[in-house]
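Residue numbers (the numbering used here), protein chains in the order written: chain R, -2 to 293; chain E, 152 to 496; chain X, 717 to 1001. For glycine and all other residues, C-beta sits at the position ideal for the given N, C-alpha and C. As C-alpha cells, the structure follows; a few thoughts come after it.
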Amino acid sequence: MPHESPRGLQMEHTPRKWRSATSEPLWAKASLLIAALAYLSLIIILPLVSVMVEAFRNGAGEYLAALKEPDALAAIRLTLLVAAIAVPLNLVFGLAASWAIAKFEFKGKAFLITLIDLPFSVSPVISGLVYVLLFGAQSALGPWLKNHGIEILFAVPGIVLATIFVTFPFVARELIPLMQEQGTAEEEAAITLGANGWQTFTRVTLPNIKWGLLYGVLLCNARAMGEFGAVSVVSGHIRGLTTTMPLHVEILYNEYNLAAAFAVASLLALLALLTLVVRTVLEIWFSHGIAGNNKH
Amino acid sequence: MEIRIEKIRKEFDRYPALHEVSLGIKSGELIALLGPSGSGKTTLLRLVAGLERPTTGRIFFGDADASWTPVQERNVGFVFQSYALFRHMTVLDNIAFGLTVRPKATRPPKLEIRRRALELLDMVHLTGLEKRYPNQLSGGQRQRVALARAMAIEPRVLLLDEPFGALDAKVRKELRKWLREFHDRTGHTTIFVTHDQEEALELADRVVVMSQGKIEQIGSSDDVYDRPNSPFVFSFIGDSVNLPVSMAHGDVQFAGQALGLQHSEDGTGQMFFRPRDVTLVSEGPGITGKVTTSRRLAGARIVELDVGTARAPNLIEIEVPLDARAERGSEVRFRPTRWKVFAGQ
Amino acid sequence: MYNQPLTERIGFRRHSVIPGFGLSFGVTIAWLTLIILIPLAALVLHSASIGFSGYASLLADERTQNALGVSFGCALIAAIVNVLFGLPVAWVLVRYRFPGKRIVDAIVDLPFALPTAVAGISLAALYAKNGWVGQIFNWFGVKVAFTPAGIIVALIFIGLPFVVRTVQPVIEEIDKEVEEAAATLGANRFQTIARVIVPSLLPAILTGFALAFARAAGEYGSVIFIAGNIPYVSEIAPLLIIIRLEEFNYAGATAIATVMLAVSFLMLFVINLIQAWTRRYTNAA
Chain R
-2 MPHESPRGLQ
8 MEHTPRKWRS
18 ATSEPLWAKA
28 SLLIAALAYL
38 SLIIILPLVS
48 VMVEAFRNGA
58 GEYLAALKEP
68 DALAAIRLTL
78 LVAAIAVPLN
88 LVFGLAASWA
98 IAKFEFKGKA
108 FLITLIDLPF
118 SVSPVISGLV
128 YVLLFGAQSA
138 LGPWLKNHGI
148 EILFAVPGIV
158 LATIFVTFPF
168 VARELIPLMQ
178 EQGTAEEEAA
188 ITLGANGWQT
198 FTRVTLPNIK
208 WGLLYGVLLC
218 NARAMGEFGA
228 VSVVSGHIRG
238 LTTTMPLHVE
248 ILYNEYNLAA
258 AFAVASLLAL
268 LALLTLVVRT
278 VLEIWFSHGI
288 AGNNKH
Chain E
152 MEIRIEKIRK
162 EFDRYPALHE
172 VSLGIKSGEL
182 IALLGPSGSG
192 KTTLLRLVAG
202 LERPTTGRIF
212 FGDADASWTP
222 VQERNVGFVF
232 QSYALFRHMT
242 VLDNIAFGLT
252 VRPKATRPPK
262 LEIRRRALEL
272 LDMVHLTGLE
282 KRYPNQLSGG
292 QRQRVALARA
302 MAIEPRVLLL
312 DEPFGALDAK
322 VRKELRKWLR
332 EFHDRTGHTT
342 IFVTHDQEEA
352 LELADRVVVM
362 SQGKIEQIGS
372 SDDVYDRPNS
382 PFVFSFIGDS
392 VNLPVSMAHG
402 DVQFAGQALG
412 LQHSEDGTGQ
422 MFFRPRDVTL
432 VSEGPGITGK
442 VTTSRRLAGA
452 RIVELDVGTA
462 RAPNLIEIEV
472 PLDARAERGS
482 EVRFRPTRWK
492 VFAGQ
Chain X
717 MYNQPLTERI
727 GFRRHSVIPG
737 FGLSFGVTIA
747 WLTLIILIPL
757 AALVLHSASI
767 GFSGYASLLA
777 DERTQNALGV
787 SFGCALIAAI
797 VNVLFGLPVA
807 WVLVRYRFPG
817 KRIVDAIVDL
827 PFALPTAVAG
837 ISLAALYAKN
847 GWVGQIFNWF
857 GVKVAFTPAG
867 IIVALIFIGL
877 PFVVRTVQPV
887 IEEIDKEVEE
897 AAATLGANRF
907 QTIARVIVPS
917 LLPAILTGFA
927 LAFARAAGEY
937 GSVIFIAGNI
947 PYVSEIAPLL
957 IIIRLEEFNY
967 AGATAIATVM
977 LAVSFLMLFV
987 INLIQAWTRR
997 YTNAA
C-alpha cells in the first residue's frame, strides 16, 4: 500500500531481494557449487570411471579371461594371503594399543602415539627400504639368513612384513580417539559390578566400538591389499610367485597389456568403493544416534 | 533515530515466534525487551537489525521503510550475547573493523580510523588494551570491546542481546550502571533484550514485557511494577500471589467469603497482589489461612499460609511485620491492600 | 588415611581399577618394537655408518639432487593447488545443501582408499596424449604425461582429501554470530569471507597443506606411471631409492631416504607448532 510520508521522503514500495547475513548470494552459491562439483569430477570421478571403462574396453569376455589367467589368480591368492595375515595381527595390536592408551593414564602417551603413527607418515618406499636394510644381502642378518636357507626378501615373508608395517596404524588410529571419547566410566562400572577383564572387554567395550573397529579393519584391509610402494621394494617382482595384485597390475601395464591391467585394477577399485560405501552407511547410522557420535 | 515496528509477524517454518507485534521507540530512548525464553524478544531484536526478515509487517527507521533493507545497509550496532569478537584480530582491529570495510568513497583514512578506534576504546574505559587479543580479556572487558566495535560505525540504533547474561553477578551490576551512564552520555537510541527483570527495571526508560510472541505491556518501570495490566505481567515482574475469586454484586469473594473488596464486573477471575501489600486483620472480612512455615528475610517475615482445605491445600506466601504473631500452626487473617482482579481467567 | 594422594602412581602410570594394562601395554610395546623400532634401528644404524662426508658426497650427486627437487617441488605445487581448490570444496560440503551431498562427501575419500597403483595407471591413461583429458591438453600443445606436470596432477589427486578433511570440521565449528557481527558492521559477503572467515581457518589450512605436502613428497605408486621417470626431468626420489637398491647401492638409497624422513619429521613438527599456536586464539573468546 504505497503512501507518502508527510515529509515526502522516499518510501520502499516493493520488497527488495532479501540478503542473508550468513550466506552468499544465490548466483555465487550456484557458481561455487558447480565449480566444486566439476573439480571433483575431473580429479576424482574421472579416474575412477576410466578404470572401469578401460577394464571392459575389449568386452566382458576378455575381462574375465584376464582375471582367470594363472598369474593373475596367483597374484589374487597372494594378495588375499598377505591380507589374511596382516589384518588380524594388526587388529589385535590395534585393540591392545587403544585399550592401553584410552583406558589408562601414563607418561609418554603422546610419544607412543607418534611412534604408532610413524608408518603413516613415511613414504611407502622407505617402508620397504627398512626391511631391505634389515634382511638384505648387505645387511647384518643377510648372510646368516642365506646360510640357513631362510628367504625373507624377494619372497612371501618379506611381502607380509612390509605390508604389516604400512598397515600397522590403521586399526589403532580409528580406535584410539573413539575409545578416548567414550572414556572409562562404563568399564569401571562393570568392574565394580564384579566383571573380570575379559568380560568387561567383550561385553562392555567391544559393543561400543564395533563400528569404529569395522571401519578400521576395512581401511586396514584395503591398504593391505592395495599397498604398492613398500611391496615393490621387497618383492623381487617374480611373476606368479611374489607379485601381489598391485604389482601384477604394474607388470601388465608395462607390457602394454592395458585391458588386462585395468581388469585386475578394477577389482581393487571395487574394494575401495566398497570401503567407502560401508563408511557412508556407518555415518548415516551414526548420525541417527548410535554410540560414538560427538556432533551436536 | 526513532523506530516504528508495525504489525510484525515472524514465523520459522510455520512456528510463530511473533504474532503481529507493534511498537514505537522514541529517539534517544533506552528501552528493554523483557520476557522469559521463547517470548520472542530476541527474534524481535534480530528483525530490527535485519538478521531476520519479517513474514509480514514493516519496520520503519524514522520515516523510511527499512523492512527489506539488508543488514549491511541498516547501520545498526548489534552486540551479541556471546560478543562474537573476531578472535584472530586485536582489540583495536576489532573496533576498527566497521570502518575498514566501508567502500572507498566513505572510508576514512587509516590514521583517522585508528584515532577513532582509540577514542572509542577510551570511551569504554579500556585504554591501553588495544594490542590484546579477545581471549586475553575478561568477560566484562570483551563485552565493552563488543560495544565499542558496534559504536564505531556511528549506528542509528544500538541493539544489545542479553548483554550481561554471561557475566557473574558483581560484574553485571557494575556494567549495568556503566551502560546507563554510557547511554546518558552518548544519547543513542538503544534496545536491549533481557530475561532479568531487575536489570530491565533498573536500566530502561521504558520496559516492553513480552510473552509467547506477544507484547503484554509497555510502560515505565513504575508502570509495569505498580500497574501491571495482565496476569502474566503481574506474575513475571516482582513477587506475586494469585487466588481464584468470584465476584457477585460487586463484592469479591474467596472460598465463599467476602473480602470487603469491590470489583466492577461479576463472574469469576484471578486476584493478584504482592506479598507485602497485605495487612493483618483480627476480625472482619479477609482471607484466613494456617501458617505452615515462617522465615525471616531482612526486615520482615515471610509466612507461608495454607488458604485451602484439608483435601485441596493452597499454599501462598505473604509478608508480615516482624512483631506479628505467626507461629507454625496458628491461624492468620489478612486482607490485600493493593490488588487487581483479572476477570474471566 | 586422609593424607593419601588423590592419584596413586604405580611406577609411571596412575592406578586404575581397570585390568589388563600389563597385557595390553606389553603387546603394544612388543609388536611396536618388532615391526617398527627394529627396522627403524636398522635404518638409523645404516645412516650412521655412512658418516657426514659420505652423506655430503652422496647428496652432491646431481641426479639425486634433481630427484629430490622434483619430488619436493611437485609436492609443493600440488599442495598449494589442493589448498586453493580444496577450501571451496570443503565450504560447499559444509554449508550448502544439494541432492547427493552424502555421496559427494564420501567420494572425497577415494584417493585415500584407492590403491596407488590403480590411481597411477588410470591417471596415466587419462592424461596420456590420446587419453580423455590428455587429448584436450594436447590440442593446446601442452604435454602432461611424462612431465613434471603429470606428477603434479597425480599428487593433486593424492593430496585432495588431506586438505578437505582437515578444513571441514573447522568450517563446521564457525560461529554464525561472528559472521552476523561482520554483516551488522557493514561488511559485504566477500569482505566477511576474506577478512573474518578465512583467517580463522588459517591454522587448519596450514595443517592440511603440511599433511598434503608430506604425503605427496613420499608418493610412489600413483606417480611412476604418469611421470615417465625420465632422469633429471621427471624422476622422483622414491624411484631413485629403488634404483639404488637394485644397484645394491644401499648407502645411496639410505641417504635419499634420510633426507626424505628429515623433511617428514620437519613437517610433523611444523604441524604440532601450528596446533600449539592455534591454542593461543581458540581459548573461548
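Range of the contiguous beta strand (DSSP E) that encloses residue i
{"i": "THR345/E", "result": "340 to 345"}
{"i": "ASN393/E", "result": "392 to 399"}
{"i": "MET361/E", "result": "357 to 362"}
{"i": "VAL119/R", "result": "Here VAL119/R belongs to no beta strand (DSSP E), and DSSP marks it neither H nor E."}
{"i": "GLY228/E", "result": "227 to 230"}
{"i": "PHE212/E", "result": "207 to 212"}
{"i": "ILE176/E", "result": "166 to 176"}
{"i": "THR430/E", "result": "429 to 431"}
{"i": "GLY370/E", "result": "365 to 370"}
{"i": "ASP402/E", "result": "402 to 405"}
{"i": "LEU409/E", "result": "The amino acid occupying residue 409/E in the given sequence is Ala; Leu does not appear at that position. Unbroken beta strand (DSSP E) run through ALA409/E: 408 to 413."}
{"i": "ALA183/E", "result": "181 to 185"}
Proximity winner among the options, relative to residue i (alpha-carbon distances)
{"i": "SER118/R", "options": "ASN782/X, VAL979/X and ALA861/X", "result": "VAL979/X"}
{"i": "GLY763/X", "options": "VAL858/X, PRO755/X, ALA992/X and ALA971/X", "result": "Checking the displayed sequence, the identity of residue 763/X turns out to be Ser instead of Gly. Closest by alpha carbon: ALA971/X."}
{"i": "HIS276/E", "options": "TYR284/E, GLY291/E, ASN286/E and GLN287/E", "result": "GLY291/E"}
{"i": "PRO254/E", "options": "ASN904/X, ARG729/X, LEU775/X and PRO827/X", "result": "ASN904/X"}
{"i": "ILE31/R", "options": "THR749/X, VAL808/X and ILE745/X", "result": "VAL808/X"}
{"i": "THR780/X", "options": "VAL858/X, LEU956/X and LEU989/X", "result": "LEU956/X"}
{"i": "ALA183/E", "options": "LEU330/E, ARG258/E and THR257/E", "result": "LEU330/E"}
{"i": "GLU893/X", "options": "PRO464/E, PRO379/E and GLU203/E", "result": "GLU203/E"}
{"i": "LEU185/E", "options": "PHE405/E, ALA355/E, VAL458/E and THR444/E", "result": "ALA355/E"}
{"i": "THR194/E", "options": "ALA477/E, VAL172/E, ALA351/E and LEU352/E", "result": "VAL172/E"}
{"i": "PRO44/R", "options": "VAL805/X, ILE766/X and THR832/X", "result": "THR832/X"}
N-terminal and C-terminal residue of the alpha helix (DSSP H) that residue i is part of
{"i": "MET422/E", "result": "No alpha helix (DSSP H) contains MET422/E, which is instead part of the beta strand (DSSP E) from 418 to 424."}
{"i": "GLU470/E", "result": "Careful: GLU470/E lies outside any alpha helix (DSSP H), inside the beta strand (DSSP E) at 466 to 471."}
{"i": "VAL50/R", "result": "43 to 52"}
In DSSP terms, what residue i is bridged to
{"i": "TRP490/E", "result": "PHE424/E"}
{"i": "SER445/E", "result": "VAL454/E"}
{"i": "THR439/E", "result": "ARG484/E"}
{"i": "ALA215/E", "result": "PHE212/E"}
{"i": "PHE103/R", "result": "ARG729/X"}
{"i": "PHE163/E", "result": "TYR166/E"}
{"i": "VAL156/E", "result": "It is Ile, not Val, that sits at residue 156/E in the sequence shown. For ILE156/E, which the question treats as bridged, DSSP gives the partners LEU174/E and ILE210/E."}
Contact list for residue i against chain X, beta-carbon separation under 9 angstroms
{"i": "GLN177/R", "result": "Those within 9 angstroms of GLN177/R in chain X number zero; the least Cβ separation is about 14 angstroms."}
{"i": "ARG300/E", "result": "ALA897 and LEU901"}
Contact list for residue i against chain R, beta-carbon separation under 7 angstroms
{"i": "TRP747/X", "result": "PHE90"}
{"i": "PRO827/X", "result": "ILE41"}
{"i": "VAL883/X", "result": "Under the 7 angstroms cutoff, chain R gives no residues; its nearest Cβ is about 13 angstroms from VAL883/X."}
{"i": "VAL808/X", "result": "LEU29, LEU30 and ALA33"}
Contact list for residue i against chain X, beta-carbon separation under 8 angstroms
{"i": "LEU202/E", "result": "GLU896, ALA899 and THR900"}
{"i": "VAL252/E", "result": "ALA898, LEU901, GLY902, ALA903, ASN904, GLN907 and ARG911"}
{"i": "PHE315/E", "result": "The premise fails here: PHE315/E is roughly 17 angstroms from chain X at the closest Cβ pair, so nothing lies under 8 angstroms."}
Within chain X, partners of residue i - CB distance below 7 angstroms
{"i": "ALA258/R", "result": "ILE837"}
{"i": "GLY194/R", "result": "PRO735 and GLY736"}
{"i": "ILE327/R", "result": "Missing from the structure shown is residue 327/R; chain R here goes from -2 to 293 and no further."}
Within chain E, the residues that residue i reaches when beta carbons sit closer than 9 angstroms
{"i": "SER916/X", "result": "PHE237, ARG238 and HIS239"}
8 angstroms Cβ cut-off: residues of chain E touching residue i
{"i": "ASP891/X", "result": "SER233 and ALA235"}
Would you say the stretch 157 to 165 of chain E touches the stretch 199 to 207 of chain E, given that touching needs at least three Cβ pairs under 8 angstroms? yes
Determine, using beta-carbon pairs with one atom in the stretch 220 to 235 of chain R and one in the stretch 786 to 800 of chain X, whether at least three such pairs fall under 8 angstroms. no
Using a Cβ distance threshold of 8 angstroms, determine whether the stretch 896 to 916 of chain X contacts the stretch 77 to 89 of chain R, with at least three qualifying pairs required. no
Are at least three pairs of beta-carbons, each pair with one atom in the stretch 127 to 139 of chain R and one in the stretch 947 to 959 of chain X, less than 8 angstroms apart? no
Count the C-beta pairs between the stretch 300 to 311 of chain E and the stretch 340 to 356 of chain E that are closer than 8 angstroms, then say yes if the count reaches three, no if not. yes
Contact between the stretch 206 to 218 of chain R and the stretch 141 to 156 of chain R is defined here as three or more beta-carbon pairs at a separation below 8 angstroms; is this criterion met? no
Counting pairs of Cβ atoms below 8 angstroms between the stretch 761 to 775 of chain X and the stretch 906 to 917 of chain X, do you hit three or more? no
Three or more C-beta pairs below 8 angstroms linking the stretch 467 to 478 of chain E and the stretch 446 to 457 of chain E: yes
Would the stretch 67 to 77 of chain R and the stretch 241 to 255 of chain R be scored as touching if the rule is three or more Cβ pairs under 8 angstroms? yes
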